[in-house]
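Residue numbers (our numbering), protein chains in the order written: chain Y, 1 to 637; chain R, 638 to 861; chain F, 862 to 1121.
Just so you know, even glycine gets a beta-carbon here, dropped at the ideal spot from N, CA and C.
Predicted, not measured: the structure shown is a model, and the values here were computed from it.
As structure tokens, the structure follows; a few thoughts come after it.
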Ligand SMILES: Cc1cc2nc3c(=O)[nH]c(=O)nc-3n(C[C@H](O)[C@H](O)[C@H](O)COP(=O)(O)OP(=O)(O)OC[C@H]3O[C@@H](n4cnc5c(N)ncnc54)[C@H](O)[C@@H]3O)c2cc1C
Ligand code: HEM
Ligand code: HEM
Ligand code: SF4
Ligand code: F3S
Ligand code: FES
């Protein structure tokens, strides 16, 4: 396997325009002869499916929820970035580009990031036209806020439900096409494998989650928009259904997996309350704009927050990072919170939390003012914890949130399998080693609305594809493999539930391959994961039938893939002997405990090739050159 | 004539129901005002009944205008009932399997009894017509002497009691009906939305009180 | 605390269902209602019985997947709260809890507490969108939107499509769901061109999907986790009347035949 990034020549800010001109076009009359499969109906999938259908392609779209509108994108709260510079505060495409490359700690592809920044502007136009009710100023023009440490206000938002509103916009565009018959929607359908013919992705095998029927779907091109894999940690801010299955199965068929160890831990989540905790809830990062983070200066201080006088409060982020204060990037904020708790300054049950205090904000803005900005977040917090943040400071703790890693794609968003395109969080994305707040929605929509619809045409126009039907032998073969796997899972009939295994895997990954990592911890993890995986296949219990609506079977399949994937994550984390962005190796830090990057050795994308379950993955490197944004040590002090 | 497209959808039928409901409501109001003349004694009351038949004279013949009114009324009643029945039917079909128990929190007694109310009103009106318009069930029906007919019926405790009961039902129906019509006709615009419930209640109350006063007065010997 | 659950079990759409009694022990006050079902299911699997099937995904009250009638209240006793956000501190030890699926002809049961809400998607297909070909949008700030309108539109747009309004409605009407979308798009300048056609088509599809008729009970609003107001229903009715008076239906049917 060789990695051909296919980045066009020319100056970075001209590449996309040049490329768009150079790309081959599909004759409009022929478009409907091309069948494109889009797996996923999140921001990336829905926008892609709708846009491709508008162009005239015959599209099939799949999602495992009962409706495309429920994709995990719906949960995004804070907002979406765009270089509109409406606030006249010095923002520009170039600054967004620069911030994103820097924020990603120089582990992303310059050309992609610049394209993303360029397109960000059109995304807002598109969404507004769709009726996304973004926040507005009294004059009726769009409002912005500063988000996640950005020093310009470039974030567009719809209350605390930006992802919901953007997804509904894309969903409605998608439903419109479904109504017109140009998109065939398959809800409650899980993709379990991709099918290659002559080395090209020509379709998928899916399981109908209602009937359990396994079926094949042939196409000229396949698009994966299946989201991130944070649920490898079991407890994360992701929806319960989020999984690595689609991308992992594609990986096993030959798609390189890039930077799997780049996982983002979000600093402001509600701490776990007990052993039965099934997921963690994120509190939008925007809270850090007005909330102040602190812990007691005394270890194991059990007094209530209001009983602790100002003098005995350590606003540690403001102390350590005077210029950024509470708005340092996510990885920094998260790691510091963990340090504080590990050092015994934590608060709340299990001392797994730090305070996020709005007392000063309430004094400054008044309850109404604070409510105006964070009302629904405060309600959410109170609903879950029973505490009212207006009076009692919130307790927060970091939680797995986003995965920068994903299937490797070239500039055209095509994986190392011809015809298999990957968009949204599922690809290794433009966020390098760390994603800035409000940039994932931007990327998902950029990929889906404005990049893939062009690049897939370029592929289809050039690839000479013989017509194939789902009756082709290759499909039968894969169907058999998929069915065997299902029967195997049902046959184990051991003693432990799927969830109990998933919990154990999650805890293990969180401890050893979470916020900060060490070689020996990771090597231990590798063995433990393998051992646990073997136990899973011996001792898991999945009741019910395969030809039925069977949620524990669904989970079992996903967890089985998480087991295999977790190993790759650890491999990647061991091999990357530096600290960059969200990947923090304790061996590689400055005396002040800051991440120490090693551009000499690791300024590349690590793309892993699958070589078999028990044989080590093969590493391929895509070197990263930084011509426009000169390498600089990220410093927020 | 938008009535026909309206009749196609359930929302449309609800709108037709509201419109016809309001027409019926206007009749009920007018009818009450007329009936209250009974307190001014036989002459006035009978004169009014007579008057009904001679409105529009000399341009129209005797009873013509009244018939026009009756036709409008009849169309309204049948449209209203037809819509009510089809709408109710659709709603029953919409939930074939009921709940172990659905705990209602927002709705009112009046809203829940609209359908029964309607049914009772239908029966009531039929009896009522047999009583005063056709005189079939009236103890001593004297064509033309409306005053006498009313007293004749209401002197019987049981008849009066029945009337009062039905009038309460009418009141209840009008209470939710009016409020509901605001909603159905989209007249919720502020400030209406704030006082529409109260308004509907007050109107319903006045109407019921007015009507009930009559049998009560007859029994109490105020009107003799 | 210990709870007694009476859960509706139904093998599939064709089978007939019934309540089964389960006891769940050591339920903590900070657990969510779905986590109680998780615990119940772990136990069932341990005994080799089929776990209770129920839809859920985000578990933070935004995806609209979860939905069950808990003691006669869709999403349970708390206002503005989805089942996944309902925490057990609102229940007491030894309490008997009846759990059943949304009940509506338009929402056929798939299994246990899982129903098919595809009717909602079909209603959106019928007209719940603003037609914008990707790339054809004007500059975002070219059309100012009064803040008040944008805020009101957002109130309506918050609908998560959970179906609790239908479940709560004595008539199993989808009126609140439809009204929310009609209002969201109808309140924005971008939504005007299709405003009349939209409301007519969505209302037609609502009937076709087998939902009941709204008779203004207001239960939907009380059950709605996003507290969407029935004022939007009045708004829908007003739009509908305007559309019909302006002779929309015929335009619509023409549009459906691809003319105009
Ligand atoms: C709580 C939270 C808040 C966030 N807030 C923000 C924010 O404020 N700003 C921001 O920019 N980003 C935010 N993010 C990140 C952002 O929401 C996601 O990265 C982004 O929405 C991912 O979109 P997607 O389309 O790539 O994938 P998703 O939205 O996850 O969609 C995945 C789709 O793939 C389908 N699918 C998955 N696997 C299969 C399979 N095997 N078979 C069939 N279908 C499958 C699913 O059904 C779904 O439709 C947030 C994330 C979380 C968890
Ligand atoms: C105490 C209460 C009422 C009294 C005393 C009363 C009295 C009368 C009388 C005397 C007539 C005959 C008029 C005539 O033939 O000239 C009449 C007719 C009628 N009443 Fe009433 N009425 C009462 C309540 C109602 C109510 C509540 C309704 C409707 C719900 C109603 C509906 C009618 C109708 C439809 C007619 C026929 C009118 C016509 O001839 O066109 N009445 N009523
Ligand atoms: C006294 C005469 C009547 C008056 C003034 C009246 C008035 C009204 C009004 C204003 C409404 C509200 C319409 C809406 O909100 O859409 C209504 C609804 C209704 N009416 Fe009547 N009506 C009368 C007689 C009847 C009769 C004879 C029936 C017989 C079936 C009936 C059955 C109903 C039903 C079922 C509803 C709808 C239920 C609801 O909206 O909750 N009504 N009526
Ligand atoms: S209106 Fe409310 S109850 Fe109905 S679907 Fe939307 S959110 Fe759910
Ligand atoms: S409860 Fe039902 S009757 Fe109308 S107001 Fe709500 S839809
Ligand atoms: S699970 Fe998403 S709303 Fe409850």
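The alpha-carbon of residue 598 of chain Y is positioned some 52 Å away from that of residue 547 of chain Y. Spatial neighbours of residue 643 of chain R in its own chain (CB-CB distance under 6 Å, excluding positions within 5 residues in sequence) are listed in chain order as 649, 652 and 653. Taken through DSSP and simplified to helix, strand or coil, residue 228 of chain Y comes out as coil. Identification of chain F residues near residue 549 of chain Y by a Cβ-Cβ cut-off of 8 Å yields 873, 914, 971, 972 and 975, ordered along the chain. At least one heavy atom of ligand 2 is found less than 6 Å from the C-beta of residue 707 of chain R. Between ligand 1 and the CB of residue 63 of chain Y, the shortest heavy atom gap is smaller than 6 Å. Secondary structure at residue 820 of chain R: helix, using DSSP grouped into helix, strand and coil. Of all residues in the segment 83 to 94 of chain Y, only 84 and 86 place a beta-carbon less than 9 Å from a beta-carbon of chain F.
Under the Cβ criterion of 7 Å, residue 836 of chain R is not counted among the residues facing chain F.
When secondary structure is reduced to three states using DSSP, residue 7 of chain Y falls in the coil class, being assigned neither helix nor strand. Separation of residue 700 of chain R and residue 692 of chain R (C-alpha to C-alpha, rounded to the nearest whole angstrom) is 8 Å. In this structure, the beta-carbon distance from residue 397 of chain Y to residue 264 of chain Y does not fall below 7 Å.
By the criterion of a C-beta distance shorter than 7 Å, residue 936 of chain F is surrounded in its chain by 928, 942, 943, 944, 947, 1025, 1084 and 1086, once the five residues flanking it on both sides are discounted. The Cβ atoms of residue 274 of chain Y and residue 954 of chain F lie no closer than 7 Å to each other.
Taking 6 Å as the cut-off, the C-beta of residue 1022 of chain F counts as close to a heavy atom of ligand 4. Contact note: residue 950 of chain F reaches chain Y through 386, using a C-beta cutoff of 9 Å and chain order. Residue 1091 of chain F has its Cβ nearer than 6 Å to a heavy atom of ligand 5. By the neighbour-count definition (other C-beta atoms within 10 Å, threshold 16), residue 746 of chain R is an exposed residue. When DSSP reads this structure, residue 622 of chain Y sits in a beta bridge with Y/605.
If one requires a minimum length of 3 residues, the beta strand (DSSP E) runs lying completely within the segment 876 to 933 of chain F are 879 to 885, in chain order.
Ranked by how close their Cα comes to the Cα of residue 972 of chain F, the residues Y/556, Y/550 and Y/532 have Y/550 in first place. Residues of the segment 262 to 278 of chain Y with a C-beta atom less than 7 Å from some C-beta of chain F are 273, 274, 276 and 278, listed in chain order. The CB of residue 1005 of chain F comes closer than 7 Å to the CB of 139, 140 and 141 in chain Y, given here in chain order.
Chain R places no beta carbon closer than 7 Å to that of residue 954 of chain F, leaving this residue out of the contacts.
At a cut-off of 7 Å between beta-carbon atoms, residue 1073 of chain F makes contact with chain R. For the 7 Å CB-CB criterion, residue 1017 of chain F and residue 1049 of chain F do not form a contact. Straight-line spacing of the CA atoms in residue 388 of chain Y and residue 374 of chain Y works out to 12 Å. In the three-state reduction of the DSSP assignment, residue 1050 of chain F falls in the helix class, which pools H, G and I. Every unbroken stretch of the alpha helix (DSSP H) spanning 4 or more residues and falling wholly within the segment 432 to 489 of chain Y is given here in chain order: 440 to 445 and 452 to 462. C-alpha of residue 710 of chain R to C-alpha of residue 655 of chain R: approximately 14 Å in a straight line. Residue 848 of chain R is not a Cβ neighbour of residue 788 of chain R, given a cutoff of 7 Å. At a threshold of 6 Å, residue 1025 of chain F counts as near ligand 4, since its beta carbon sits closer than that to one of the ligand's heavy atoms. Within the segment 912 to 945 of chain F, the residues whose Cβ lies closer than 7 Å to any Cβ of chain R are, in chain order, 930, 932, 933 and 934. Residues of chain R whose Cβ lies closer than 9 Å to the Cβ of residue 1101 of chain F are, in chain order, 643, 646, 648, 649, 652 and 823. Relative to ligand 1, the nearest heavy atom lies less than 6 Å away from the CB of residue 226 of chain Y.
Rounded to the nearest whole angstrom, the C-alpha separation of residue 715 of chain R and residue 665 of chain R is 16 Å.
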